[in-house]
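All letters in the sequence shown, in the order written, are residues 1 to 328 by full-length UniProt numbering.
C-beta: ideal position from N, C-alpha, C; glycine also.
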Amino acid sequence: MPTAVDVDEYDEFFEDMNWEEVGKLLDAPSQPRAPTALAPTTSQIASTSRPSVVRQPPVYKPPRRQTNRNQSRSTPSLPSPWERPAIKRARSPDVVSGEESVKKMKMYAQKVLKEFEEDFTCPICFDLIVACHLANPCGHSACGECSTKWSQRKCKPTCFACRAPMNKTTPFIPGLIVDNLIEKQISSLAENGDEEWQEQGPKKKEWEQRKSAWTKQKSESKVRVQRVNTIQRAMMMNVRPEVVTISDESSEEETEDFVQAYDDPTPIRQAPVVTVWRDIEDMLRRPRVTRHMLQTPRDEDYVPTQLPGEVEAVAEHPAVRETRRIHR
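This is the structure in structure tokens:
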């Protein structure tokens with residue numbers, strides 16, 4: 001049992017306590033209680049003079065840290081997250097520079113353009129097409145020089161790719177659109193850094209040489225065609241058209257007269273025969289223009305052809321020689 005002295009001490013303790021703060025602590029949410037050495041036992045609480053009041057041990061409060069106002073004013077406060085300036089993140093080593101990206105784009109462009117180069121390759125010489133010519137009518141493309149040689153070697157020209165028969169008069173047609181595409185492709189390759197197609201590159205020089213050779217060959221062929229046309233025009237002017245009418249009644253008589261005149265050795269009777277053979281001789285001596293002569297004209301092709309054996313035999317007939325001597 002507690003003595004009177006102990007009860008008086010507890011009464012003095014509770015009288016000195018600030019009960020307003022105790023009420024605030026009771027209304028506040030529960031907090032973890034720190035164990036204290038001065039917490040009274042249940043027997044001591046029961047022996048107090050005020051049994052109606054529930055006595056609880058005081059809650060331990062950590063001391064508040066009082067900051068100096070002068071110190072808080074001098075120390076700048078940290079800015080809020082939305083007031084902080086944006087911090088630039090350092091670039092990773094995987095990010096390529098601008099020059100490297102441009103270089104990669106040029107390499108990709110070269111790869112794409114070289115894939116198109118396969119479509120512009122001549123199937124005869126296996127090189128980039130120069131002066132494109134399209135086969136008529138299938139439409140396969142080749143170089144101008146290669147297509148010309150191909151058609152000259154064939155009596156009946158066929159396509160070099162599909163072997164389809166081509167047009168005899170115009171076996172090839174110039175492909176101007178393909179020429180423009182090839183020139184643009186070469187300039188694009190040079191702009192994207194392909195050294196072989198630069199101004200002093202080996203492929204560019206070789207392509208320019210082939211192009212100049214074709215231009216020279218084309219100009220020479222034009223001169224030859226003009227020469228052939230001039231010769232044919234002159235030959236047509238020398239030919240005089242003659243109209244011959246033979247009736248049915250006199251055809252048999254004229255045939256008999258011609259046979260008798262051929263067998264008669266007198267010059268007068270041989271005059272009609274000589275005239276006919278002279279016309280035949282002129283026709284045979286006249287050069288015959290062929291397609292081969294138009295494609296590859298030569299001066300020796302226009303030399304008058306030799307007469308057949310029968311015509312020479314008639315020319316050596318004594319009546320014919322006598323007629324020639326009289327007319328001279």
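Quiz prompt | CB of asparagine 192 within 8 Å of CB of asparagine 167, strictly | solution = In the sequence shown, residue 192 corresponds to position 192, counting from 1. In the sequence shown, residue 167 corresponds to position 167, counting from 1. Asparagine 167 is positioned such that its CB atom lies no closer than 8 Å to that of asparagine 192.
Exercise. Entirely within the stretch 163-205 and at least 3 residues each: give me those beta strand (DSSP E) ranges in chain order.
Key: Taking 3 residues as the minimum length, the beta strand (DSSP E) runs contained wholly in the stretch 163-205 are 172-174, in order along the chain.
Quiz item: Just to confirm, are isoleucine 182 and phenylalanine 120 a CB contact at a threshold of 8 Å?
Solution: For the purposes of this step, residue 182 is taken as the residue at position 182 of the sequence shown. For the purposes of this step, residue 120 is taken as the residue at position 120 of the sequence shown. Result yes, Cβ atoms of isoleucine 182 and phenylalanine 120 sit closer than 8 Å.
Self-check item: 8 Å Cβ cutoff met for leucine 128 and glutamate 117
Solution: Within the sequence shown, numbered from 1, the residue matching residue 128 stands at position 128. Within the sequence shown, numbered from 1, the residue matching residue 117 stands at position 117. Yes, they are a contact pair.
Quiz item: For the alpha helix (DSSP H) that contains glutamate 118, what are its first and last residues?
Solution: Start at 1 with the first residue of the sequence shown, and residue 118 comes out as number 118. In the DSSP assignment, glutamate 118 falls outside any alpha helix (DSSP H) and carries neither an H nor an E.
Quiz prompt | Residue nearest to residue 330 in terms of C-alpha spacing, selected from Leu176, Lys203, Ser219 and Ala213 | solution = The first residue shown for the chain is 1 and the last is 328, placing residue 330 beyond what the model contains.
Quiz item: On the three-state DSSP scale, how would you describe alanine 135?
Solution: Translated into positions along the sequence shown, residue 135 becomes position 135. Reduced to three states, the DSSP call for alanine 135 is strand.
Self-check item: DSSP-derived helix/strand/coil call for tryptophan 19
Solution: Residue 19 sits at position 19 when you count from the first residue of the sequence shown. Assigned with DSSP and collapsed to three states, tryptophan 19 falls in helix.
Quiz item: Taking just the CA atoms, how far does arginine 233 sit from glutamine 198?
Solution: Taking the first residue of the sequence shown as position 1, residue 198 is located at position 198. Taking the first residue of the sequence shown as position 1, residue 233 is located at position 233. Near 49 Å, if we compare the C-alpha coordinates of arginine 233 and glutamine 198.
Practice problem: Going by DSSP, name the residue or residues bridged to serine 141. | Solution: Within the sequence shown, the letter at position 141 stands for residue 141. For serine 141, the pairing in a beta bridge is given by DSSP as Leu134.
Quiz item: Taking Cβ positions, are aspartate 179 and alanine 142 nearer each other than 8 Å?
Solution: One-based indexing of the sequence shown puts residue 179 at position 179. One-based indexing of the sequence shown puts residue 142 at position 142. Taking C-beta atoms as the reference points, aspartate 179 and alanine 142 fail to come closer than 8 Å.
Exercise. Could you tell me if glutamine 306 is buried or exposed, where buried requires 16 or more neighbouring beta carbons within 10 angstroms of its beta carbon?
Key: The residue labelled residue 306 in the question sits at position 306 within the sequence shown. Low local confidence applies: a pLDDT of 49 at glutamine 306 is under 50, so the model's placement there is unreliable, with the coordinate-based value given in what follows. It counts as exposed.
Quiz prompt | Other residues of its chain near proline 202: CB distance less than 7 Å, five sequence neighbours each side excluded | solution = As a working note, residue 202 is residue 202 in the sequence shown. Taking proline 202 as the centre and dropping the five residues before and after it, the same chain places the C-beta of Glu196 closer than 7 Å to its C-beta, in chain order.
Practice problem: May I have the straight-line CA-CA distance separating leucine 176 from threonine 148, to the nearest angstrom? | Solution: Translated into the one-based positions of the sequence shown, residue 176 becomes position 176. Translated into the one-based positions of the sequence shown, residue 148 becomes position 148. If you take the alpha carbons of leucine 176 and threonine 148, they lie about 16 Å apart.
Exercise. Determine the DSSP secondary structure at tyrosine 108, reduced to helix, strand or coil.
Key: Position 108 of the sequence shown holds residue 108. The three-state reading of DSSP puts tyrosine 108 in helix, counting H, G and I together.
Quiz item: Straight-line CA distance for isoleucine 186 to serine 219?
Solution: Working through the sequence shown from its first residue, we reach residue 186 at position 186. Working through the sequence shown from its first residue, we reach residue 219 at position 219. When only Cα atoms are considered, isoleucine 186 and serine 219 end up about 25 Å apart.
Practice problem: Taking only the alpha-carbon atoms, compute the straight-line gap between lysine 154 and alanine 109 and give it to the nearest angstrom. | Solution: For the purposes of this step, residue 154 is taken as the residue at position 154 of the sequence shown. For the purposes of this step, residue 109 is taken as the residue at position 109 of the sequence shown. Approximately 41 Å, taken between the alpha carbons.
Exercise. Using a threshold of 8 Å, state whether the C-beta atoms of proline 174 and proline 157 are closer than that.
Key: Numbered from its first residue, the sequence shown carries residue 174 at position 174. Numbered from its first residue, the sequence shown carries residue 157 at position 157. The criterion of a C-beta distance shorter than 8 Å is not satisfied by proline 174 and proline 157.
Exercise. Have a look at leucine 189 and lysine 104 and give me their C-alpha separation to the nearest angstrom.
Key: Indexing the sequence shown from 1 puts residue 189 at position 189. Indexing the sequence shown from 1 puts residue 104 at position 104. Leucine 189 and lysine 104 have their alpha carbons spaced roughly 14 Å apart.
Quiz item: What is the rounded straight-line gap between the Cα of glutamine 152 and the Cα of arginine 227?
Solution: Stepping through the sequence shown from its first residue, residue 152 is reached at position 152. Stepping through the sequence shown from its first residue, residue 227 is reached at position 227. For glutamine 152 and arginine 227, the distance between alpha carbons rounds to 20 Å.
Practice problem: Give the straight-line distance between the Cα atoms of glutamate 100 and lysine 204, rounded to the nearest whole angstrom. | Solution: Residue mapping note: residue 100 aligns to position 100 of the sequence shown, counting from 1. Residue mapping note: residue 204 aligns to position 204 of the sequence shown, counting from 1. Approximately 27 Å between the Cα atoms of the pair.
Quiz item: Excluding sequence positions up to five away, which residues of its chain have a Cβ less than 6 Å from the Cβ of valine 225?
Solution: Taking the first residue of the sequence shown as position 1, residue 225 is located at position 225. Taken in chain order, the list of residues that qualify is empty.
Quiz item: Would cysteine 162 be called buried (16 or more neighbouring beta carbons within 10 Å of its own) or exposed?
Solution: Here residue 162 corresponds to residue number 162 of the sequence shown, with the count starting at 1. By the neighbour-count rule (16 or more Cβ atoms within 10 Å), cysteine 162 is not buried but exposed.
Quiz item: By Cβ distance, which residues of its chain are closer than 6 Å to leucine 134, with the 5 residues on each side in sequence left out?
Solution: As a position in the sequence shown, residue 134 is number 134, starting the count at 1. Ser141, Ile173 and Gly175, listed in sequence order.
Quiz prompt | Reference alanine 164; option with closest CA among Lys106, Cys138, Leu25 and Glu206 | solution = Reading the sequence shown from its first residue, position 164 is the one you call residue 164. Per the C-alpha coordinates, the member of Lys106, Cys138, Leu25 and Glu206 positioned closest to alanine 164 is Cys138.
Quiz item: Can you list, in chain order, the residues of its chain whose CB lies under 7 Å from that of arginine 210, leaving out five sequence neighbours each side?
Solution: Here residue 210 refers to the residue found at position 210 of the sequence shown. Closer than 7 Å at Cβ, skipping near neighbours: Val130.
Quiz prompt | Beta bridge counterpart(s) of threonine 158 as assigned by DSSP | solution = Here residue 158 refers to the residue found at position 158 of the sequence shown. Looking at the DSSP assignment, threonine 158 forms a beta bridge with Pro165.
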